[in-house]
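A.B. asks: Chains as they are written, first to last, in the working numbering: chain W, -3 to 296; chain V, 3 to 190; chain F, 81 to 762; chain G, 384 to 548.
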Amino acid sequence: MSEETKKTKIGYYPGCAITKCSTSEEYGTSVLGVSRVIGPELVEIDDWNCCGASSGHATNHKLSTALSVRNISLAEKDGYDEVLAPCPMCSQRLIVSQDDVEKDEKLREEVEDAIEMPISNNVKVSNYLEIVKNYSMDEIAEKQKKKPEGLKVASYYGCLLVRPPKILKFDDPEDPKTMDEIVTAIGAEAVDWEFKTSCCGGGFTLSRTDVVVKLTNDILEGAADAGANAIAVACPMCHANLDMKQNNIEKETGRRFNIPIVYISELIGLALGLNPKDLGMDKHFIDTGSVINAFSNIEK
Amino acid sequence: MKIKITTKELTSDFAKEVKERSGIDVKKCYQCGKCTAGCPVAYEMDYMPNQIIRFVQIGARKQALTSRTIWLCASCITCTTRCPKEVKIAELMDVLREMALEEGVANPMEKDITTFHEAFLNSVKKHGRISECGMIMEYKRKRPKAALKSALQDLSDGSHLMLKGKLSLAPHSIKGKDSIKRIFEKLG
Amino acid sequence: MSKKIGVFVCHCGTNISATVDVEKVAEEAKKNNPGVSYTTTYKYMCSDPGQKLLRDKIKEEGLDGVVVAACSPKMHEHTFRNASKKAGMNPYHVEISNLREQCSWVHPDKPTGTEKSVDLVRMMTEKTRKDKSLNPIKVPVTKRALVIGGGIAGIQAALDIADAGHEVIMVEREASIGGHMAQLSETFPTLDCSQCIMTPKMVELAQNENITLYTWSEIEAVDGYLGNFDVKIRKKARSVDLDLCTGCSSCWQVCPSKKIKSEFDMGLGKRTAIYIPFPQAIPSKPVLDREHCLLFKDARKKNIPPNDSKVCRKCLDICPIAPVKAIDYTQEDEIITEKIGAIVVATGYKELDDISMYGEYGGGKYKDVITGLQFERLASASGPSEGEIQRPSDGKVPEIIVFIQCVGSRDPAKGCSYCSKTCCMYTAKHTMLYKHKVHHGHAYVFYIDIRCPGKGYEEFSLRAIEEEGATYLRGRVSRVYKKGDKLVVLGADTLTGSVVEIEADMVVLASAMKAQDDAEKFAQKLSIQYDKDKFFSEIHPKLKPVESSSAGIFLAGTCQGPKDIPETVAQAGAAASKVLALLSADELEREPVVAKVDRLPAPIFSTCIGCFYCQRVCPYGAIESEDIKARDGSTIKTVARVNEGLCQGCGLCAATCRSKSVELAGFNDEQVYAEINSVEFN
Amino acid sequence: MSKAEAKPENQFEPKIIAFLCNWCTYAGADLAGTGRKEYQANVRIIKLPCTGGIDPLFLIKAFERGADGILVSGCHPGDCHYNSGNYHARRRWNVFRPLLEFCGINPDRIQFSWISAAEGGKWVETINGIVDAVRELGPFESYQKLNTIGPETSGGAADASSETG
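1. Which term fits F:C694, buried or exposed, when burial requires 16 or more other beta carbons within 10 angstroms of its beta carbon?
2. Can you tell me which of the three DSSP states F:H91 falls into?
3. Do we get a CB-CB distance below 8 Å when we pair F:R531 with the residues of chain V?
4. Look at the Cβ atom of F:G229, then the Cβ atom of F:G428, and state whether they are nearer than 8 Å.
5. Is DSSP giving F:N290 helix, strand or coil here?
6. For F:F309, which residues does DSSP report across the bridge?
7. So, under 8 Å CB-CB, F:Q275 and F:S462 are touching, yes? Tell me the CB distance rounded to an integer number of Å.
8. Applying a beta-carbon distance threshold of less than 9 Å, which residues of chain W neighbour V:G106?
9. Let's test the definition: count the other Cβ atoms within 10 Å of the Cβ of V:E93 and tell me whether it reaches 16, buried, or not, exposed.
10. What would DSSP say about W:M(-3), mapped onto helix, strand or coil?
11. At the level of alpha carbons, what is the spacing between F:R224 and G:K505?
12. Which residues mark the beginning and the end of the alpha helix (DSSP H) in which V:K21 is found?
13. How should F:K365 be labelled, buried or exposed, when 16 other C-beta atoms within 10 angstroms of its C-beta is the threshold for buried?
14. Out of W:S20, W:I41, W:V128, W:L157, state which residue places its alpha-carbon closest to the alpha-carbon of W:H280.
15. Considering only the beta carbon of each residue, do W:L63 and W:G48 sit closer than 8 Å?
16. With respect to the beta strand (DSSP E) encompassing W:A220, which residues constitute its N-terminal and C-terminal limits?
17. What residues are listed by DSSP as bridge partners for F:L567?
18. Going by the beta-carbon positions, is the gap between G:I510 and G:D451 smaller than 8 Å?
19. Buried or exposed: W:M233, going by 16 or more other Cβ atoms within 10 Å of its Cβ?
20. Determine the burial state of G:Q423: buried for a count of at least 16 other Cβ atoms within 10 Å of its Cβ, exposed for fewer.
21. Taking the alpha carbon of F:S329 as the point to measure from, which residue in F:P357, F:P220, F:A317, F:N170 has its own alpha carbon closest?
22. Please identify the residue among W:M240, W:I260, W:T55 whose C-alpha is closest to the C-alpha of W:D283.
23. Using a cut-off of 7 Å between C-beta atoms, extract the partners of F:K624 located in chain W.
24. Is the CB of F:V673 under 8 Å away from at least one CB in chain G?
25. Using 8 Å as the threshold, is the stretch 106 to 119 of chain W in touch with the stretch 55 to 69 of chain W, meaning 3 or more CB pairs across them?
26. Let's test the definition: count the other Cβ atoms within 10 Å of the Cβ of W:N123 and tell me whether it reaches 16, buried, or not, exposed.
27. Using 8 Å as the threshold, is the C-beta distance between F:I469 and F:V518 below it?
28. DSSP three-state call for F:D573: helix, strand or coil?
29. Counting only C-beta atoms, is F:E440 closer than 8 Å to chain W at any point?
30. Can the beta-carbon of V:E60 be found closer than 8 Å to that of V:I5?
31. Could you tell me the alpha carbon to alpha carbon distance between F:P400 and F:C325, rounded to whole angstroms?
32. Would you say V:T68 lies against chain F (beta-carbon separation less than 8 Å)?
33. If you drop the 5 nearest sequence neighbours on each side, which residues of the same chain put their C-beta closer than 8 Å to that of V:R184?
34. Using a Cβ cut-off of 8 Å (strictly closer), state whether W:E138 contacts chain F.
35. Go ahead and label F:S319 buried or exposed: buried means 16 or more other beta carbons lie within 10 angstroms of its beta carbon, across all protein chains shown.
36. What does the Cβ neighbour count give for V:L189, buried or exposed, with the cut at 16 atoms within 10 Å?
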């Protein structure tokens, strides 16, 4: 028993994008809100720093590795053996960096020197879907208060949850199923569609808006064609691009999708009967009312 | 385009240099083009991903490092995932970007992107985390044209974000700022 | 007693001499070694003049031991032993130092290579010193061949052997012979109908009096050795008595289970539970599929003998044979044993059909993404659509069809690293078959390289492009996804440097030729070697292409590696000729590398203490017990004895023997210790 | 360490004796040669029909003569040309290893591996691996010392030459 409880305390690495007062704070808010109800207990890693994100690895491999690995060493110091990084950019950077220093002795030495801490690599970094699947599926079933009616969800994984598969080792890189399983578990319909792992343009939100508009248009079209009335995501960048660019798409193509983009944690929260506002669902560009209203109390 | 090969032009083995630096062996590539076929940004690139690999294979250093392609790569890693020869193509783009910056030959047409990266990392360097406002402001200051281009959109996006309390004005600084600075000094 | 040993160091052109100072090696061999009475070097020891040099020097110098320092003993040990024999020396006093494969080719630094070579030669010199004269063992030959597999390779080999007058046993695990070739619609580069050229051969085989055919049968075990194999064959329960059945077809016409996926049609067509795989099957008699048969299903569910189930006995009821019906639900597997002299392995290949590993192509998910062999069935007049090219999903005729080459092949990340060799040609053929049937249709082929180095092959593939109008795009496909009832194919054309998106109706994957799923297990059953891809290995890639690593077992067709029909037939003929050479002798000579238990004069008789540990470890049951008797007939002691006919020379007994009474000829303790002792240590 | 990098001066070059079966590993070593795969030259091969035919005393003898390391390599489990010889070899090795430890010989000086006739690459890796590992362990001296005290047991011309070495 004691071992089990020890195991379910997990280091929490929010990353910059989903902390309070950031662009995607509702993801962090809902992840934490949900975990308070169904576990596992999440404790923020003390003094964590930015992983460097795409700008880091795109321009300076060593720097990017050091920035990522510092957080893992901090988690190790705090005594965690598992860390949740809900943002896939973060979780991917952390895991890949772990792998890089594992395979490259020289790099490891340089990084240890830079972060002024030893690297032991005993910490498992998990994404949010993994955490839910491994710890909370039974709890969701047990504590579910509301069920959606007529909610057809396209699960959108994006790039960083599944790629590179040889290093991340999470789900099928061409046709992942974990999020669909969660969607199904809370009683929504998981639609089979073709763009689960297509790229949304990621970090080009500001610098190459045109690229993002084209790619998100393809994804939204795919979801709409498959009959989805909501898209579930587990990535702040995917969310930002899909949620914010629907206006631009309308301007360019004349097509208004108006598909609410919701975090998977928000969907779980709604199923648990949490207040939509506490989940941050009022902070979206595309109104989430249709999703919220799809949920109603389960008759006991 | 003409690629000239003389003893003067090609004094170093570019492919070997890339391999020594990153462990990526471009010689394994047999140019099947699967990377290009699956690249979501290929339509915007000046050279296809497989052509960039080809440049490295045949030692056309300049063409590879000055291409716009390396900056347009969105790092979605679809290419690496599907490559039948397990060449890490997305990771190769990282290496080439790094080299292009070091040698100061990054393509000026994609200055928007390089400036963004710069602004992003500067923010991390200063605070340990991202200060979104500071970063966006630095970016806009350095790329006014890009700012103008998306001014309309900014009005709708940025103000909306602030309205909803999602864009903070105060930087998020961490206690260990100095240790981050030292990381940048050593490796930056 | 001391031997006069000659050391012959080969340059092998420059293969050895470039990185080994051969003169120095020869010189060192003599130094401090009074036993070595002659040394020389020569450009090519294996050449005729090289062998003559060896013969001459044996005679002139009176040598009674020879070390040839050259290539691997696997290459020319036999050559040099033969040459020595011709010079009147017992051939087992010849040893080979492997200076090429294990030295000059792997150590480019000359001083290093030379130093190692000196060591290697000294080791073999010392071994030679302890070599004993041995004589080949003569064994009788069973004049009957076994052919395993009834595809085109097996059929060709069996016919060739039988036509030469020898008995052949053919074992085929499916219900009919014919193999993959029977499934093909037309064949390249002539576009002649596969079944039209195949079925006459099948009939010929069935009618050949020298051939005994076991279908629906598998090899259970192979024991024995060259010339004298004991083969156990499992005749799987067919539920049909082949002697009684006339193949009248009544039973499969009444069978109510009609929706079982036909293996022969690659899952595109349906069959009944009692069935013949295809109309031209040989034998043209059915097999009952017990897994799907209602009666057997019911019996399994109720846990009763099948004969007690009354659910469905339609096939039995309608069988017109009297008084005893040809259908028998109680039939059981039967094991038969055959004595065999030589074996041809022709077990064929398996198409990569688990295309679900190609999730990016929608493999296994979309019905209209099919494999090459499935397309063959679609195009075949005897196929599920009677030769009409139709989409499996809705029967629509595809107007745009995309062929993707190298699926599984040349793909070390997911499939196999090798090239499957036939796909370029069969894809070109597929485009033609398609264009011949769908005149208004468009065929696109994504390729990496077009490889067609056969007679008429280049012309054939160009015909597909130039005359038949197939569009070839140089690049691979990264993704296939569904959009409405179309398949969007996302590929590249690297020649124009562009991404190509095609809205297709159907996608055909030119999937790889792979080794059979159970190839590894099967190889172990026969004690033959296989490569990293589980294809069976020939012992020499150039000079012994049909010989397996076990004497008397030969390879034919795609079980050895991907190949097309002409090559398969040629190889089958080659294997048959090797079998015929073997069967033409009454006696065979075998390497005398066998174990022996010592015999000494009275009163010891043998140091063997009769513990028989050797008997327990011997894999061949070659250890017998012998009573050493006094004149009055009473037993003095019981000791072990090796049956030379059964012994294969592994040496397990020698290593196990506690009293050191067993020795392995050619590798005895003295010889091994001599080798160890001769290494120069620091 | 493995390839033609410049060797440090006076680097200790261990001598390794490899006992190989004829069918798999010896052929694998040949394949490495056919593929011109370079590796360190510290190994001397003794070929036997099967690893099952290796008497443990051969190994003891090799150490006694001054070998710094030993490799025993045969067919993969299930692939033995003689059906079960390699299993016997493996069982013998399981008993032999603790015996070595008991005698005070570092068992890292002996490696046991499966290398098939198709695994030229694995042969090269194995050889470079054991040579590097034994180089790290340093020369094997205990038995040589013993050997100089006790009566000379081994005969043959090799002894004469070993004095020069």
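Cβ coordinates follow ideal geometry from the N, Cα and C atoms, glycine included.
C.D. replies: According to the structure shown:
1. buried
2. coil
3. no
4. yes
5. Coil at F:N290, not helix or strand.
6. Answer by DSSP bridge pairing, in chain order: F:G304, F:I420.
7. 7 Å
8. Those within 9 Å of V:G106 in chain W number zero; the least Cβ separation is about 13 Å.
9. buried
10. Bear in mind that the predicted position of W:M(-3) carries a pLDDT of just 40, short of 50, making it too unreliable to give a figure here.
11. 40 Å
12. For V:K21, the enclosing alpha helix (DSSP H) starts and ends at 16 to 24.
13. buried
14. W:S20
15. yes
16. Per DSSP, W:A220 belongs to no beta strand (DSSP E); it is in the alpha helix (DSSP H), 205 to 221.
17. According to DSSP, F:L567 bridges with F:K562, F:A584.
18. no
19. By the neighbour-count rule (16 or more Cβ atoms within 10 Å), W:M233 is buried.
20. buried
21. F:P357
22. W:M240
23. Those within 7 Å of F:K624 in chain W number zero; the least Cβ separation is about 39 Å.
24. At a cut-off of 8 Å, the C-beta of F:V673 has a neighbouring C-beta in chain G.
25. yes
26. buried
27. The answer is yes: Cβ separation under 8 Å.
28. Here F:D573 carries a strand assignment [DSSP, helix/strand/coil].
29. Chain W contact via Cβ: present.
30. The amino acid occupying residue 60 of chain V in the given sequence is Ile; Glu does not appear at that position. If you check the CB distance, V:I60 and V:I5 come in under 8 Å.
31. 9 Å
32. no
33. none
34. no
35. buried
36. buried
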